[in-house]
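Chains as they are written, first to last, in the numbering used here: chain S, 1229 to 1753; chain Z, 1229 to 1753. Virtual Cβ for every residue (Gly too), placed ideally from N, Cα, C. Report on the structure given below.
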């Protein structure tokens, strides 16, 4: 399967006539064919119009039909075979094993959402039966279910060309909720996007769904994306990317005559707390685990551990020495795009040139273009607390170790942090009291708190929260990974005193869908 | 118990030194003692600071302690006795029976949330146990619960001086979630607000909770309210009132360095669809039910039926005649405030003077000040579809009947509507197909769809949705009435691989709280 350079509007393949996007192989700097001419605003409106038409029936598709569609998308993606992996390798510089794993995750995620759709927990069915004898006033029959919000705009991320892109978590969860999806493709991997988009398009046709259930739009610059979020038919937005990009979409969504929710996952430095007993007992081992997490995927993860905190002393010095050694031995890795590499160089350069920051180690210098030379830096907690610039995310393999005078200062640093996706404790039994004292702060700062592991590697499951307080995300009440992600694209509707013949199936007597229900406040399976 | 003219900041009674609020008896125009001098911004900051301090422990109060606190608030409100009813009557012009009923609803609501807290569904506990043998990668233990968002600002509404005010639904659901509450009192019923505020304050003391769990602020104008929403410690806002007021708070909340959610319930005209068979069979009976709903509480309900749609013809003419007769016989009723009465007069005047609107009937002229003379108007669907002004809410007993050429035009009017709190179908068996065709449109326009009843009278239960698409509310994903209202003030946190000694009680093995859990995606009670 070879990419053709087209956008996909419903079942049509469309070649735009605006400024052209060209994929670049970051490992060589080579420009990859084909070109992707951008669409104009009219094309955006056409995709949204088709999505609105599709919404009318797709939102009421049966649980089985919708689940089968998600499974079909997974099968169609797998059916592309090695063409997809090779194209993604060329466009991202990511190694084969990583991309094969990511494809597995993407398809697994689609199949998880198929099971979520079938289980029907997301309907959140609540039934309060009529109480005709209640005094002073009888109660009428009241039933609640959740319905799909409407067409959703999804912005693919650069760093997960499969799992957070065209058929990634946002798309899978929106489709699971019953929302048609219009994807704005990320310009960094257009061929990969098109191949996956064609797989979704094929699944739509195979399942006999209305074509507007899925469209994929290419456009250079921000115009198409802004037009998409501003389109009155779009009812929610999923985005993974930079803080500036997310904030721009939030502003557009709020300025609409009808504001809509934006689920933007934006930035995080994912603090790691080295508690004293653990640091003392296994500082070297922790250092090695840390550098492995730091270097994973050239550090291009939103959960990359960019900040490490420890109490000054011999144990922390030993950690720094071991981590520095590991960083110094790190091979250079190709970054995703020339732009990301340039921003990384700027970020690392700013740290290296900062008067209050000490360079601990740099990784090996790369031989190819756009390679990331890992960086490890250190600063005092006192300086960190007085200089917001030290909290800025450097996207890539770069971390800052903060040397705290004592546990109290470590606590103050924790309290000074912006909202994060994750917070990690490296701890042993002897650290339990310290950890217990930190935990209330950490759970207010992050969506996920973990111990004795590393934040990279986000499990796709029911309990996952890939979210967190602003500015980690635009909406701390939600997650963009895991089955609860479906809740972002739903709203409740109450049906009062409806005749049986009008009730949606989920709410009918006898529970024909077999879903869990809250009846008079009591959970019934 | 006599009101003292004070704000309540934690356990302190504070007399402000800014512009004064004076209660007015709308039935007589008489100014009621005491005066309520407004607070300044420093006082707002003090209340928020206390709320933040209280949040640290209150958010982790045990389910039983928190439930007992909500029950204590109800008991303290009841203990005020008739002083509360008499003060509320004087400040609002509402009759005794209504206010006694509203007190019952308010206390019932607090007790409902006590039972909701104890049941623990709101924790949304999810556990994905470790799978150490899983290939290619083991899964670590992941557990999710919901925690309180933080201090919440609540704006009391004028039209429910008890049930949507100081200890109303927003306050009860935020406290249930574990959020301290800072209430900005509505200036229309300051004495009632203070009495209820003192009841909450007493319950805080009795339960040994930190004083910042509750504060009540008075201030004339918008300055105090805007300062409250802008305060960095406030993490969410509950508001019931005008569209302009809600939009102003939304703008302030979005402009903060950290934007926060605003749950504003703003405006709705609550369309009622008279389907042909029902209209034919029982038009007169429907007309009487409609006018009773229209006049309830002088029409000062957000669910007041302000728009009626029927197909032109003899049956609709008969309905109009019967409804007109009932409106003409309607006694005048005192409105809540001079300002609300003035706005009602302006709104009704605009309809009466509109070239495309015909006056069907007006109610009896009042003898006292600030009385609402009910209004019934009619216009064609064609005119309604081309003039947005006809969709404007007139707060009070005023309704517009839209005469549609046929069912298709009725459908087009339904599609043209803004977001609503409710949509009502008056239907008989013969209308089932028509109703089935309309329902998909109505559930996209409203939070609650009801048949053969009236939208006024909002049941406080588990299945209720008092919400709806913008501009009915700021956030269609939520409800401000019923047990699901608690979800507005929560966010999920995931705990990965935590040692047993660190796990929050809700997530511990053995389920010590006895709450419903989703284990590996399966519901376990």
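Would residue i pass as a contact of residue j if the rule is Cβ separation under 8 angstroms?
i, j, result
"residue 1584 of chain Z", "residue 1546 of chain Z", "no"
"residue 1231 of chain Z", "residue 1262 of chain Z", "yes"
"residue 1756 of chain S", "residue 1498 of chain S", "Nothing can be reported for residue 1756 of chain S: it is not among the residues displayed for chain S, which extend from 1229 to 1753."
"residue 1416 of chain Z", "residue 1535 of chain Z", "no"
"residue 1408 of chain S", "residue 1279 of chain S", "yes"
"residue 1689 of chain S", "residue 1459 of chain S", "no"
"residue 1269 of chain S", "residue 1455 of chain S", "yes"
"residue 1597 of chain Z", "residue 1244 of chain Z", "no"
"residue 1447 of chain S", "residue 1380 of chain S", "no"
"residue 1607 of chain S", "residue 1586 of chain S", "yes"
"residue 1589 of chain Z", "residue 1556 of chain Z", "yes"
Between which two residues does the alpha helix (DSSP H) containing residue i stretch?
i, result
"residue 1432 of chain S", "1418–1434"
"residue 1252 of chain S", "Premise fails: residue 1252 of chain S lies in the beta strand (DSSP E), 1246–1252, not in any alpha helix (DSSP H)."
"residue 1313 of chain S", "1310–1320"
"residue 1346 of chain Z", "1324–1347"
"residue 1613 of chain Z", "1609–1614"
"residue 1518 of chain S", "1504–1523"
Would you mind telling me which residues of chain Z sit closer than 7 angstroms to residue i, beta carbon to beta carbon, in chain order?
i, result
"residue 1356 of chain S", "1689, 1690 and 1691"
"residue 1375 of chain S", "1671"
"residue 1370 of chain S", "1687, 1689, 1691 and 1692"
Figure out for me which residue from the options has the closest Cα to the Cα of residue i.
i, options, result
"residue 1438 of chain S", "S:1464, S:1751 and S:1428", "S:1428"
"residue 1327 of chain Z", "Z:1309, Z:1340, Z:1342 and Z:1339", "Z:1309"
"residue 1356 of chain S", "Z:1712, Z:1476 and Z:1281", "Z:1712"
"residue 1220 of chain S", "S:1640, S:1346, S:1639 and S:1647", "The displayed coordinates of chain S run from 1229 to 1753. Any statement about residue 1220 of chain S would go beyond what the structure contains."
"residue 1679 of chain Z", "Z:1653, Z:1696, Z:1582 and Z:1649", "Z:1653"
"residue 1473 of chain Z", "Z:1464, Z:1348 and Z:1493", "Z:1493"
"residue 1518 of chain Z", "Z:1590, Z:1751, Z:1242 and Z:1552", "Z:1552"
"residue 1248 of chain Z", "Z:1452, Z:1736 and Z:1749", "Z:1452"
"residue 1390 of chain Z", "Z:1638, Z:1377, Z:1420 and Z:1363", "Z:1420"
"residue 1471 of chain Z", "Z:1744, Z:1714, Z:1700 and Z:1730", "Z:1700"
"residue 1603 of chain S", "S:1616, S:1609, S:1577 and S:1618", "S:1577"
"residue 1351 of chain Z", "Z:1730, Z:1715, Z:1295 and Z:1749", "Z:1715"
"residue 1571 of chain S", "S:1582, S:1600 and S:1593", "S:1600"
"residue 1305 of chain Z", "Z:1331, Z:1321, Z:1530 and Z:1749", "Z:1331"
"residue 1394 of chain Z", "Z:1354, Z:1361, Z:1365 and Z:1443", "Z:1443"
Can you list the residues of chain Z that residue i reaches, using a CB-CB cut of under 9 angstroms?
i, result
"residue 1668 of chain S", "1284, 1287 and 1288"
"residue 1727 of chain S", "1655, 1657, 1660, 1663, 1679 and 1680"
"residue 1367 of chain S", "1687 and 1689"
How would you list, in chain order, the residues of chain S whose beta-carbon sits under 7 angstroms from the beta-carbon of residue i?
i, result
"residue 1723 of chain Z", "1677"
"residue 1379 of chain Z", "Those do not exist, as residue 1379 of chain Z stays about 12 angstroms from chain S at its closest Cβ, beyond 7 angstroms."
"residue 1707 of chain Z", "1720"
Along the beta strand (DSSP E) that carries residue i, what are the first and last residues, could you check?
i, result
"residue 1240 of chain Z", "1240–1242"
"residue 1491 of chain S", "1490–1493"
"residue 1587 of chain Z", "1586–1590"
"residue 1442 of chain Z", "1442–1445"
"residue 1266 of chain Z", "1259–1266"
"residue 1373 of chain S", "1370–1376"
"residue 1235 of chain S", "1235–1237"
"residue 1628 of chain S", "1626–1632"
Just the chain S side, please: which residues come within less than 9 angstroms of residue i by C-beta, in chain order?
i, result
"residue 1749 of chain Z", "1340, 1343, 1344, 1347, 1349, 1689, 1690 and 1711"
"residue 1533 of chain Z", "None at all; the shortest Cβ gap to chain S is about 14 angstroms."
"residue 1482 of chain Z", "1478, 1479, 1482 and 1487"
Along chain Z, in chain order, which residues have C-beta atoms closer than 8 angstroms to that of residue i?
i, result
"residue 1487 of chain S", "1478, 1698 and 1702"
"residue 1739 of chain S", "Neighbours of residue 1739 of chain S on chain Z: none; closest Cβ ~13 angstroms, over 8 angstroms."
"residue 1744 of chain S", "1751"
Run down chain S in chain order and give the residues with a C-beta less than 8 angstroms from the C-beta of residue i.
i, result
"residue 1730 of chain Z", "1660, 1663, 1664, 1667 and 1679"
**Message:** With a threshold of 8 angstroms, are at least 3 pairs of Cβ atoms found where one atom belongs to the stretch 1245–1257 of chain S and the other to the stretch 1431–1439 of chain S?
**Reply:** Counting Cβ pairs under 8 angstroms, fewer than three are found: no touch.
**Prompt:** Is the stretch 1398–1417 of chain S close to the stretch 1337–1346 of chain S, with three or more CB pairs under 8 angstroms?
**Reply:** Between the stretch 1398–1417 of chain S and the stretch 1337–1346 of chain S, the count of C-beta pairs closer than 8 angstroms reaches three or more; the two stretches touch.
**Prompt:** Is it a yes or a no for the stretch 1367–1375 of chain Z touching the stretch 1718–1727 of chain Z, going by three-plus beta-carbon pairs under 8 angstroms?
**Reply:** Taking a cut-off of 8 angstroms for Cβ pairs, the stretch 1367–1375 of chain Z and the stretch 1718–1727 of chain Z touch, as three or more such pairs fall below it.
**Message:** Check whether the stretch 1621–1632 of chain S and the stretch 1542–1561 of chain S are in contact - that is, three or more C-beta pairs closer than 8 angstroms.
**Reply:** Contact check between the stretch 1621–1632 of chain S and the stretch 1542–1561 of chain S: three or more CB pairs, one atom from each, fall below 8 angstroms, which counts as touching.
**Prompt:** Do the stretch 1558–1577 of chain S and the stretch 1514–1526 of chain S touch if we need at least three Cβ pairs shorter than 8 angstroms?
**Reply:** Touching, yes, given that three or more Cβ pairs across the two stretches are closer than 8 angstroms.
**Asked** Would you call the stretch 1683–1702 of chain Z and the stretch 1666–1679 of chain S touching, i.e. three or more CB-CB distances under 8 angstroms?
**Response** Per the Cβ contact rule, the stretch 1683–1702 of chain Z is not in contact with the stretch 1666–1679 of chain S (fewer than 3 Cβ pairs under 8 angstroms).
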